[in-house]
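First comes the structure, then the notes that go with it.
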Amino acid sequence: MSKVLLSAASGAAMLLGGQLAPVQAQDGKDANFVPLFTYRTGPFSGSGIPIANGMRDYLEMLNQRDGGIGGAKIVIEECETGYDTKKGLECYEAVKGRNPVMVNPWSTGITLPLIPRAAVDRIPVLSMAYGLSASADGQTFPWIFNPPNTYWDGLSVIIKHIADELGGLDKLKGKKIGYIYLDAGFGKEPIPMFEQFAKDLGFELKLYPVAATDMQNQSSQWLGVRRDKPDYMVMYGWGALNPTAIKEAARINYPMDRFVSIWWPSEDDARSAGPGAKGFRELNWHGVGTDFPVLKDIQKHVIDKGLSKVAKGKEGEVLYNRGVYNSMLIAEGIRNAQKLTGKKAVTGEDVRRGLEAINLTPERLKELGMEGFTDPLKLSCADHNGHGAAFVQEWDGQKYVKIGGPIKPMEDKVGPVAAAAAKDYVEKNAGWPKRTEACDSK
5 MSKVLLSAAS
15 GAAMLLGGQL
25 APVQAQDGKD
35 ANFVPLFTYR
45 TGPFSGSGIP
55 IANGMRDYLE
65 MLNQRDGGIG
75 GAKIVIEECE
85 TGYDTKKGLE
95 CYEAVKGRNP
105 VMVNPWSTGI
115 TLPLIPRAAV
125 DRIPVLSMAY
135 GLSASADGQT
145 FPWIFNPPNT
155 YWDGLSVIIK
165 HIADELGGLD
175 KLKGKKIGYI
185 YLDAGFGKEP
195 IPMFEQFAKD
205 LGFELKLYPV
215 AATDMQNQSS
225 QWLGVRRDKP
235 DYMVMYGWGA
245 LNPTAIKEAA
255 RINYPMDRFV
265 SIWWPSEDDA
275 RSAGPGAKGF
285 RELNWHGVGT
295 DFPVLKDIQK
305 HVIDKGLSKV
315 AKGKEGEVLY
325 NRGVYNSMLI
335 AEGIRNAQKL
345 TGKKAVTGED
355 VRRGLEAINL
365 TPERLKELGM
375 EGFTDPLKLS
385 CADHNGHGAA
395 FVQEWDGQKY
405 VKIGGPIKPM
415 EDKVGPVAAA
425 AAKDYVEKNA
435 GWPKRTEACD
445 SK
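Each residue of the sequence shown is one higher than the one before, starting from 5 at the first, in our numbering.
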């Protein structure tokens with residue numbers, strides 16, 4: 005069984021008369037249990053550590069500043085997965101009987117086998133901007149949430165960005181686009197959509213898979229890039245893959261302003277390549293830096309008190325802030341569930357409804373200290389994603405700088421493929437449970 009790391013407020017659920025009792029904090033008051041699947045060790049830790057710190061620090065800030073959410077403490081618990089699917093499923097088995105309000109797999113590989121389990125165990129899965137793109141369909145996947153963008157949405161934004169630089173989607177015809185990716189569930193997820201775009205828009209797609217065991221040795225892939233001379237390179241990488249790819253691209257003098265990644269590379273990934281990384285681009289949908297009230301509250305109530313594991317100067321970096329965004333969604337799901345039920349300690353089933361009620365208006369974002377940090381987001385019974393816009397940011401040699409306005413996903417292209425994929429998923433999984441809960445009309 006994977007080692008479980010407990011917070012000071014953590015406590016175990018108890019069975020009373022065959023019913024699972026709410027998790028309680030040490031002072032005896034009701035609390036809400038939020039397990040975080042993290043990876044602070046191994047070849048993916050470079051990506052996992054900042055996200056784990058951001059997630060934990062936001063929730064701890066709520067405990068320290070507000071006493072939790074709605075009068076109930078948040079029980080924060082990490083389980084180390086090493087980004088390994090088997091370990092991730094062990095973590096799930098370790099927590100599922102303890103009334104978690106939701107689970108955060110932080111791995112597409114772990115998320116995929118949890119999709120059929122979530123409906124049985126009635127525990128929502130938050131796979132924020134990763135996982136199965138088709139699971140944005142809340143009618144088909146009522147227990148899975150992947151806001152604010154899917155991997156297919158992100159790919160469509162990258163394609164639009166490239167097309168804008170070339171002068172229009174029609175200018176993609178005859179071009180060659182390379183795709184370097186982690187040869188696992190995460191990296192394979194966009195390929196069907198990528199192939200559809202290539203067919204529809206007339207460009208040639210070249211695939212450069214990288215096995216997890218070879219993330220730090222990509223010489224053969226980049227020799228292929230040098231040979232094939234793609235007009236643009238797209239990356240879906242994680243962990244040690246990202247800095248290695250940026251270094252290799254710089255080594256062969258690939259034009260960095262034509263190397264565009266999905267939203268996962270960190271500042272360290274770009275820094276590691278030195279001056280040659282300047283111009284590298286990636287997507288994002290939230291602010292970078294600490295000049296936001298929410299980050300200042302984390303600094304005051306968590307970091308300054310010595311309650312954070314974040315290294316000095318790393319707060320506010322892109323993946324740390326990504327973790328903050330993720331935990332904001334967790335907290336909003338819990339808060340909405342409390343409002344809907346009138347309870348302080350809520351269940352996973354309550355929080356599923358709470359997540360569907362998320363409505364991050366400009367006014368709500370200001371209340372959260374996130375004005376200017378991210379765009380509004382609204383989820384619903386049918387839409388568990390929101391399909392928000394993203395923007396492109398460029399590495400200037402020291403930091404990521406936003407270089408353009410928001411780009412909306414191509415829903416006219418992505419929507420039909422996603423709908424077909426959801427239908428196909430159901431057909432391939434005999435007995436797939438239909439949604440039984442009525443959608444709230446509010």
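Cβ coordinates follow ideal geometry from the N, Cα and C atoms, glycine included.
Supposed close pair residue i, residue j - CB separation, criterion 8 Å
| i | j | result |
| --- | --- | --- |
| I73 | R339 | 5 Å |
| F37 | V79 | 4 Å |
| V421 | M374 | With a Cβ gap of about 32 Å, V421 and M374 do not count as contacting. |
| V306 | M65 | 5 Å |
First and last residue of the uninterrupted beta strand (DSSP E) at residue i
| i | result |
| --- | --- |
| Q397 | F395 to W399 |
| C83 | K77 to E84 |
| Y134 | No beta strand (DSSP E) holds Y134; DSSP gives it neither H nor E. |
Beta-bridge partners of residue i, as assigned by DSSP
| i | result |
| --- | --- |
| Y185 | P213 and Y240 |
| E286 | S265 and Q397 |
| Y404 | W399 |
| P104 | F37 |
| K417 | Note: K417 sits in no beta bridge, so no partner. |
| E208 | K180 |
| F149 | L130 |
beta-carbon residue i near the ligand FMN non-hydrogen atom, thresh 7 Å
| i | result |
| --- | --- |
| A215 | The ligand FMN is absent from the structure shown, which contains no ligands of any kind. |
Nearest-angstrom Cα separation, counted from residue j out to residue i
| i | j | result |
| --- | --- | --- |
| L209 | W226 | 15 Å |
| F284 | G228 | 20 Å |
| A56 | I334 | 14 Å |
| P437 | E431 | 11 Å |
| M97 | Y329 | Note on residue identity: the sequence assigns Glu, not Met, to residue 97. So the two alpha carbons sit approximately 26 Å from each other. |
| G113 | A244 | 17 Å |
| A249 | L287 | 16 Å |
| D273 | K282 | 12 Å |
| V107 | E252 | 36 Å |
| L383 | M132 | 13 Å |
| K343 | R357 | 11 Å |
| L381 | A394 | 12 Å |
| L359 | R60 | 19 Å |
| Y43 | G317 | 21 Å |
| F263 | K412 | 20 Å |
| D157 | M414 | 7 Å |
| A25 | R121 | Any reading at A25 must be qualified, since the residue scores a pLDDT of 42, below 50, and its modelled position is unreliable; the value itself is stated next. Whole-angstrom Cα-Cα distance: 21 Å. |
| S2 | Y429 | This structure gives no information on residue 2, because the portion of the chain shown stretches from 5 to 446. |
| R69 | G327 | 18 Å |
| F198 | W267 | 17 Å |
| K90 | L173 | 42 Å |
| D141 | N150 | 10 Å |
| D261 | E336 | 37 Å |
| T45 | D235 | 36 Å |
| Q30 | V129 | Low local confidence applies: a pLDDT of 46 at Q30 is under 50, so the model's placement there is unreliable, with the coordinate-based value given in what follows. One C-alpha to the other measures close to 26 Å. |
| S51 | Q220 | 14 Å |
| T365 | G409 | 19 Å |
| L176 | G206 | 7 Å |
| H1 | P117 | The question about residue 1 has no answer, for the chain in this structure spans 5 to 446. |
| I163 | E193 | 16 Å |
| D232 | R126 | 48 Å |
| L311 | S49 | 20 Å |
Assigned exposure category for residue i - 16 Cβ within 10 Å defines buried
| i | result |
| --- | --- |
| S265 | buried |
| V405 | exposed |
| P146 | buried |
| S331 | buried |
| A423 | exposed |
| T440 | exposed |
| A315 | exposed |
| V322 | buried |
| G178 | exposed |
| V355 | buried |
| V396 | buried |
| Q143 | exposed |
| Q222 | buried |
| V124 | exposed |
| S6 | Bear in mind that the predicted position of S6 carries a pLDDT of just 40, short of 50, making it unreliable; the figure below should be weighed with that in mind. So S6 ends up on the buried side. |
| I191 | A quick correction: the sequence has Gly, not Ile, at residue 191. Under this definition G191 is a buried residue. |
Start and end residues, alpha helix (DSSP H) containing residue i
| i | result |
| --- | --- |
| V298 | P297 to I302 |
| I119 | T112 to D125 |
| A56 | S49 to D70 |
| A281 | First-last for A281: undefined, no H or E at that position. |
| Q225 | S223 to D232 |
| E271 | E271 to R275 |
| S312 | Note, S312: premise wrong, no alpha helix (DSSP H); not H, not E. |
| E367 | P366 to E371 |
| L245 | L245 to R255 |
| Y324 | V322 to T345 |
| E169 | Y155 to L170 |
| L359 | G352 to E360 |
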